[in-house]
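Trainee:
Residue numbers (the working numbering): 758 to 1197.
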């Protein structure tokens, strides 16, 4: 089987959690390469709603090795709490979860710094989760971060905590915020160290060993392409590389180990927080998508902004990540609409743009150009057979495929694993479909 990368093609919240969980039986390893506990991958298993933030979505399948790469920033308390919650669902933890020794940690001062930064931005705030993700990546880039491997040597941990807090307290004092006590922070994190050290290993080396043994990898992306710190709608982005290139740097694997890329694409568009959103809907149709799609953040509970499918944005993501096949999620949300709009281009200062601009000041001023599509007005929720889908929806699929130049290989028609249609033989060369179907 191929080593497959699964990532989002929009502003996140595309339904990656379900798709990764669904495909996991075909792989030996599931490896997360970026982001932090700001991610929220929602999986439904036999009526139970399970939300994963740090631990890869493959953890719900026995016998799978789940890796957290060096490109992820880890909050030790959040990691331990997630394990505790998952154990209540019957998930077993032995040697099936590993954290890269080079993964950077989130400390108490990171969330405080992020809150100050967001407040200072005022109306131009990014709309972050305030969980300290960005400031942790800032410390990483500034070469002053504290890594998971530092938990293995308490003297090194104490030294780094003291140095960082001395510097951060100068910043806090200038904003009239009480300073942190390095001894208290060390006591907290030394306790985490005793609980987490058994999970900390060299993930890059481990992946190399497993690949030489012939094991297969499912690479798990968090957030979405349009939130990539380099290629997204900067500055309204996340702080890591959520695109395909992030796999290599975020896990320590060579590019030739990624055999295929599957994009996860919602049948409409959503985004959380600030930033440009050309196809956003402000009338009752937007509220319908919000309610029917249950568009509330898995991590924060914030309502998501809803809009029409943006072919320019998704085709950009396909080009950037080398995507030739996608999983189309939540099309059933559109079931009740008489008409559906699909963005096929933008107008900017009178000129027609046929390629996606990442500059936020341009996206704020573009006028989306729509193609009107007749709704199918028949429920496709929980359908499992492509032949049973209404002609109007099949036309919608064909239109999307033509616009983004990628094939729809999976259609998700509901929350459960079984609410899935594998289209034709599109994924046969990538996956062991019999193993997957055995666990649906």
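In this text, a Cβ means the ideal position worked out from N, Cα and C, and glycines have one as well. Bear in mind that the values here come from a model prediction, so they are computed numbers and not experimental data.
With residue 1131 and residue 1149 assumed to form a contact (beta carbons below 8 Å), what rounded beta-carbon distance in angstroms separates them?
Mentor: The sequence position of residue 1131 within the chain shown is 374, counting from 1. The sequence position of residue 1149 within the chain shown is 392, counting from 1. That belief holds up - the Cβ atoms of residue 1131 and residue 1149 are roughly 6 Å apart, short of 8 Å.
Trainee: Look at the alpha carbon of residue 1115 and the alpha carbon of residue 1024, and state the distance between them as a whole number of angstroms.
Mentor: Locating residue 1115 in the chain shown gives position 358, where the first residue counts as 1. Locating residue 1024 in the chain shown gives position 267, where the first residue counts as 1. Looking at the two C-alpha atoms, the distance is approximately 21 Å.
Trainee: Mind checking whether residue 857 and residue 960 have CB atoms under 8 Å apart?
Mentor: Here residue 857 refers to the residue found at position 100 when the chain shown is read from its first residue. Here residue 960 refers to the residue found at position 203 when the chain shown is read from its first residue. Contact: yes.
Trainee: Once the 5 residues before and after residue 1101 are set aside, which same chain residues still bring their CB inside 8 Å of it?
Mentor: As a working mapping, residue 1101 is identified with position 344 in the chain shown. Result list for residue 1101: 1068, 1069, 1126, 1127, 1128 and 1160, in chain order.
Trainee: What did DSSP end up calling residue 1170 once you bin it into helix, strand or coil?
Mentor: Taking the chain shown and counting its residues from 1, one reaches residue 1170 at position 413. Reduced to three states, the DSSP call for residue 1170 is coil.
Trainee: In whole angstroms, give me the CA-to-CA distance for residue 816 and residue 833.
Mentor: Reading the chain shown from its first residue, position 59 is the one you call residue 816. Reading the chain shown from its first residue, position 76 is the one you call residue 833. Cα to Cα, residue 816 sits roughly 18 Å from residue 833.
Trainee: Does the distance from the CB of residue 760 to the CB of residue 927 come in under 8 Å?
Mentor: Position 3 of the chain shown, counted from the start, is the residue given in the question as residue 760. Position 170 of the chain shown, counted from the start, is the residue given in the question as residue 927. No, they are not a contact pair.
Trainee: Which of the three DSSP states, helix, strand or coil, is assigned to residue 1084?
Mentor: One-based indexing of the chain shown puts residue 1084 at position 327. Residue state, collapsed to three classes: strand.
Trainee: For the stretch 1040-1108, which segments carrying the alpha helix (DSSP H) assignment without a break, of at least 4 residues, lie completely within its bounds, in sequence order?
Mentor: Listed in chain order, they are 1041-1049 and 1068-1078.
Trainee: Classify residue 1037 as helix, strand or coil using the three-state DSSP reduction.
Mentor: For the purposes of this step, residue 1037 is taken as the residue at position 280 of the chain shown. Residue state, collapsed to three classes: strand.
Trainee: Would you check if the distance between the CB atom of residue 1242 and the CB atom of residue 956 is smaller than 8 Å?
Mentor: Lying before the first or after the last residue shown, residue 1242 is absent from the chain, which here runs from 758 to 1197.
Trainee: Please classify residue 1072: is it buried, with 16 or more other beta-carbons within 10 angstroms of its beta-carbon, or exposed?
Mentor: Stepping through the chain shown from its first residue, residue 1072 is reached at position 315. Buried: at least 16 other Cβ atoms inside 10 Å.
Trainee: Count the other CB atoms within 10 Å of the CB of residue 931; is the residue buried (16 or more) or exposed (fewer)?
Mentor: Stepping through the chain shown from its first residue, residue 931 is reached at position 174. Exposed, since its Cβ has fewer than 16 Cβ neighbours within 10 Å.
Trainee: Taking residue 1004 as the reference, which of 992, 1022, 1097 and 982 has the closest Cα?
Mentor: Translated into the one-based positions of the chain shown, residue 1004 becomes position 247. Checking every option, the nearest Cα to that of residue 1004 belongs to 982.
Trainee: Under 8 Å between the Cβ atoms of residue 1092 and residue 1061?
Mentor: Here residue 1092 refers to the residue found at position 335 when the chain shown is read from its first residue. Here residue 1061 refers to the residue found at position 304 when the chain shown is read from its first residue. Their beta carbons are not under 8 Å apart, which means residue 1092 does not touch residue 1061 by this criterion.
Trainee: In or out: residue 1012 buried (at least 16 other Cβ within 10 Å) or exposed?
Mentor: Sequence index remark: in the chain shown, residue 1012 carries index 255 (1-based). Under this definition residue 1012 is an exposed residue.
Trainee: Exposed or buried, residue 804, counting other C-beta atoms within 10 Å across all chains shown (16 or more means buried)?
Mentor: In the chain shown, the residue the question calls residue 804 occupies position 47. The residue is exposed, with fewer than 16 neighbouring Cβ atoms inside 10 Å.
Trainee: Under a three-way DSSP split, which group does residue 1146 fall into?
Mentor: Sequence index remark: in the chain shown, residue 1146 carries index 389 (1-based). Note: residue 1146 maps to coil in three-state DSSP.
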